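Here is the structure we will look at.
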Amino acid sequence: MNTKTIISLIGAVFIAISSVYASGVKQKSQAKKKPVFEWTIPSLEEKFNKDEAVFWRYAKANKNVKKAPIAVFMGDSITDGWAKKRPAFFAQNNYAGRGISGQVTSQMLVRFRKDVIDLKPEFVLILAGTNDVARNRGYISEENIVGNIISMCEISKANNIKPIICSILPAAEYKWRPVIKSVEPIKRINAMLKKYAQENEITYLDYYSKLDDGNGGLSKAHALDGVHPTNACYTIMEAMAKQTIESLRK
Numbered sequence: 006m007n008t009k010t011i012i013s014l015i016g017a018v019f020i021a022i023s024s025v026y027a028s029g030v031k032q033k034s035q036a037k038k039k040p041v042f043e044w045t046i047p048s049l050e051e052k053f054n055k056d057e058a059v060f061w062r063y064a065k066a067n068k069n070v071k072k073a074p075i076a077v078f079m080g081d082s083i084t085d086g087w088a089k090k091r092p093a094f095f096a097q098n099n100y101a102g103r104g105i106s107g108q109v110t111s112q113m114l115v116r117f118r119k120d121v122i123d124l125k126p127e128f129v130l131i132l133a134g135t136n137d138v139a140r141n142r143g144y145i146s147e148e149n150i151v152g153n154i155i156s157m158c159e160i161s162k163a164n165n166i167k168p169i170i171c172s173i174l175p176a177a178e179y180k181w182r183p184v185i186k187s188v189e190p191i192k193r194i195n196a197m198l199k200k201y202a203q204e205n206e207i208t209y210l211d212y213y214s215k216l217d218d219g220n221g222g223l224s225k226a227h228a229l230d231g232v233h234p235t236n237a238c239y240t241i242m243e244a245m246a247k248q249t250i251e252s253l254r255k
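Position one of the sequence shown corresponds to residue 6 (this note's numbering), numbered consecutively onward.
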């Protein structure tokens, strides 16, 4: 093989390699420059199809309710954990737990008909607002937090269900939102809720005063993480809730 032939072969190989490399670069470039709609459509579809109020959580349980509960406990993770940790309290007293972890008052308001009204209870205990203060779904004013709870009360009364407004539990801090200063907002919201309850002849269940450690929080005995009750805390809350319900039934 002469020198000219070798040079020709080397040139051909070089051209082939260059062509493959250029093709790969072009494909990568095209991948990076794909139209915006190609990657936004799936995320938008996921968002638009999301069950924001989480109706599915109690859909089956609601269908299986044979006897109207005496009381429905509406709330967030505090109520959710309550029913999971201590199901006997609910079963033995014909109470229904309808708490969903992480929820704010606006989500509870949206699912209120399905998870409360349609069950036709005598009472509904509304324990809500701490996740609003923590801004789980973004900022909401204290007045609007209270407004959402008032709306739940008004819907209840319109359907012959007696609402019981529960104070927000003490919380000195939210470990998942350490920048939030929660003590004073919770105090102000509770004061507004109590005032509304008194002015509208609605029972106000004051867990806060009973559980406050003196610093606007829950003691370690009552909440290891400062927010979610221990069994000892739930024992206190159960006694208060049951006594309140039974006194109203007399």
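Here a beta-carbon is modelled for each residue, glycine too, at the ideal position from N, C-alpha and C.
Quantities reported herein were computed from a predicted structural model and do not represent experimental measurements.
Simplified DSSP assignment, three categories, for residue i
i	result
PRO168	strand
THR235	coil
ALA176	coil
ILE75	coil
LEU216	helix
GLY223	For clarity, residue 223 is Leu in the given sequence; the question names Gly instead. Three-state DSSP puts LEU223 in coil, outside helix and strand.
LEU132	strand
ASN149	helix
LYS255	coil
ASN195	helix
Beta-carbon contacts of residue i that lie in its chain and below 7 angstroms, excluding the five residues immediately before and after
i	result
ASN255	According to the sequence as given, residue 255 is Lys; it is not Asn. Excluding positions up to five away in sequence, the list is empty.
C-alpha gap between residue i and residue j, whole angstroms
i	j	result
GLY231	ILE173	13 angstroms
PRO92	VAL188	30 angstroms
LYS215	LYS65	35 angstroms
GLN203	THR110	21 angstroms
PHE117	ASP218	32 angstroms
ALA163	PRO183	39 angstroms
THR135	TYR144	12 angstroms
GLU127	ILE250	9 angstroms
GLU43	LYS55	The predicted model places GLU43 with a pLDDT of 39, which falls under 50 and marks its position as unreliable; any figure quoted below should be read in that light. Using only the alpha carbons, I get a separation of about 20 angstroms.
CYS158	LYS225	32 angstroms
ASN153	ALA177	23 angstroms
ASN149	MET197	11 angstroms
ASN99	VAL129	12 angstroms
LYS192	LYS167	24 angstroms
TYR212	CYS171	7 angstroms
ASP137	ILE122	23 angstroms
Residue i, buried or exposed, once every other Cβ within 10 Å from all chains shown has been counted against 16
i	result
ILE185	exposed
ALA101	buried
SER161	buried
TYR3	Residue numbering for the chain in the displayed model covers 6 to 255; residue 3 lies beyond these limits and cannot be assessed.
ALA96	exposed
LEU229	exposed
GLN112	buried
ASN220	exposed
GLN248	exposed
LEU253	exposed
ASN205	exposed
Beta-carbon proximity list for residue i, same chain, < 6 angstroms, skipping 5 on both sides
i	result
GLY80	GLY104, LEU132 and ALA133
VAL115	ALA58
PRO40	Any reading at PRO40 must be qualified, since the residue scores a pLDDT of 41, below 50, and its modelled position is unreliable; the value itself is stated next. Excluding residues within five positions, none has a Cβ falling inside 6 angstroms.
ASN236	none
ALA139	TYR179, ARG182 and ILE185
Identified DSSP bridge partners for residue i
i	result
THR208	ILE169
GLY104	GLY80
ARG182	TYR179
GLY143	ASN141
Residues near residue i by beta carbon distance below 8 angstroms, same chain, minus five either side
i	result
LEU124	ASN67, VAL70, ALA73, PRO74, VAL77 and ALA101
PRO234	ILE83, GLY86, TRP87, LEU174, LEU223, HIS227, ALA228 and MET242
ILE155	TYR201
LYS256	As shown, the chain starts at 6 and ends at 255. That puts residue 256 outside it, with no answer to give.
Residue i beta carbon near the ligand HEM (any heavy atom closer than 6 angstroms)
i	result
ARG142	Here there are no bound small molecules, and the ligand HEM is not part of this structure.
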